[in-house]
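What follows is a single structure, written as structure tokens, with notes after it.
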Amino acid sequence: MSSLRRLAIVVVVLAASFLVRSVRLQADRDVGVQADRGSRKHVLAWADVRNGYQHDVISHAFAVIERLGHESGAFDTFFRTDSQLVTKQPIRFATGTGIASGEQFLAHNLEFFDAIFFFGVREIDLTPAQRADLLSFVREDGKGFVAAHSGATAFFSWPEFGEMLGGRFDEHPWGIADAAVVVDDPRFPAMQRFPPRLVVRDEHYQLKDFSRDRLRVLAHLDPATLDLKRPLVHRTDADFPVAWAKTYGAGRVFYSTLGHDPELWDTVPIQQMYFQAIRWALRLVDGDATPLRR
Ligand SMILES: [Zn+2]
Numbered sequence: 637m638s639s640l641r642r643l644a645i646v647v648v649v650l651a652a653s654f655l656v657r658s659v660r661l662q663a664d665r666d667v668g669v670q671a672d673r674g675s676r677k678h679v680l681a682w683a684d685v686r687n688g689y690q691h692d693v694i695s696h697a698f699a700v701i702e703r704l705g706h707e708s709g710a711f712d713t714f715f716r717t718d719s720q721l722v723t724k725q726p727i728r729f730a731t732g733t734g735i736a737s738g739e740q741f742l743a744h745n746l747e748f749f750d751a752i753f754f755f756g757v758r759e760i761d762l763t764p765a766q767r768a769d770l771l772s773f774v775r776e777d778g779k780g781f782v783a784a785h786s787g788a789t790a791f792f793s794w795p796e797f798g799e800m801l802g803g804r805f806d807e808h809p810w811g812i813a814d815a816a817v818v819v820d821d822p823r824f825p826a827m828q829r830f831p832p833r834l835v836v837r838d839e840h841y842q843l844k845d846f847s848r849d850r851l852r853v854l855a856h857l858d859p860a861t862l863d864l865k866r867p868l869v870h871r872t873d874a875d876f877p878v879a880w881a882k883t884y885g886a887g888r889v890f891y892s893t894l895g896h897d898p899e900l901w902d903t904v905p906i907q908q909m910y911f912q913a914i915r916w917a918l919r920l921v922d923g924d925a926t927p928l929r930r
């Protein structure tokens, strides 16, 4: 056998053993992920946006949350752009829609989930029973509800939703603009990676129907960095919260106005704010949500 031929055989054998080893590593990792899966929490990422502004950012925001939950092993995320799973009732399918004889559809309802990450908008078609189940998911079952940005525009026709969330959207008078976000509570898990003061370019919201006596504002906009003479500025107290935490019955609720701009979801402060807020809502970490005076 020529030395060239011998060399070629050695190379092939080495390559094959490397391949086998990497396949085995991959398999070990898959087994590890499967083994962990049972202890992971379940998050429903819910964005039914059929009746309002359809933010392009939602896909990226959901992908970021899914990745952070997956990589940390904290939770698995299930994306839905409809509201079918927002119910405690068993989800049934009409006869003839099965994909194989005797097979059951795998359709989780709220009983399966530990928290909702909500990026919906405006009026969402839920039956009265679904609305009751959603409130009791948080209030009675003690589960979590974390809402981003347009979440505060949702369900204006439903007062109890506003009560659960803590407040309502009231225009974005500055369009996309720079404004300084000032952290009120740097110890709360969601704010621990947020600088004390950070200029953020985003579609900043003005909020209404909230009371600092009923929720803990975690960060707010510095009014000195806003044009308060804009026609849609309604607040006379210059109080513009950016993030808050509260309880609703036995459950934990977090809301932040931030997240219109896709690039924000690639920054550590925003990623960690929502990720840690979800961990808090899931009771994986504690944080004080008692109201804080301005
Ligand atoms: Zn927006």
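Position 8 of the sequence shown, counting from 1, maps to 644 under our numbering, and the rest follow consecutively.
Using N, Cα and C, we set each Cβ at its ideal position, and we do this for glycine too.
All of these numbers come straight from a predicted model, not from anything done at the bench.
Within the region 690-740, the beta strand (DSSP E) runs of at least 3 residues that lie entirely inside it are, in chain order, 711-716.
Its chain contains Ala-681, Ala-683, Thr-713, Phe-715, Phe-753 and Phe-755 as the residues whose beta carbon lies nearer than 8 angstroms to that of Phe-698, once the 5 sequence neighbours on both sides are disregarded; these appear in chain order. Contact between Val-700 and Gln-907 holds: their C-beta atoms lie close to 6 angstroms from each other, under 8 angstroms. Comparing alpha carbon positions, the residue from Gly-688, Ala-816, Phe-773 and Lys-844 closest to Lys-724 is Phe-773. Distance from the Cα of Val-904 is smallest, within the candidate group Val-818, Leu-704, His-691 and Gln-690, for Leu-704. Going by C-alpha positions, Gly-709 is about 6 angstroms away from Arg-676. In the three-state DSSP reduction, Pro-927 falls in the coil class, being neither helix nor strand. Taking 6 angstroms as the cut-off, the C-beta of Glu-899 does not count as close to any heavy atom of ligand 1.
Not one heavy atom of ligand 1 is found less than 6 angstroms from the C-beta of Glu-807. The shortest C-alpha to C-alpha distance from Arg-871 to any of Ser-793, Arg-888, Val-889 and Phe-846 is the one to Phe-846. With respect to the C-alpha of Arg-823, the residue from Val-817, Pro-831 and Ala-816 having the closest C-alpha is Pro-831. Here DSSP, grouped into helix, strand and coil, assigns His-896 to coil.
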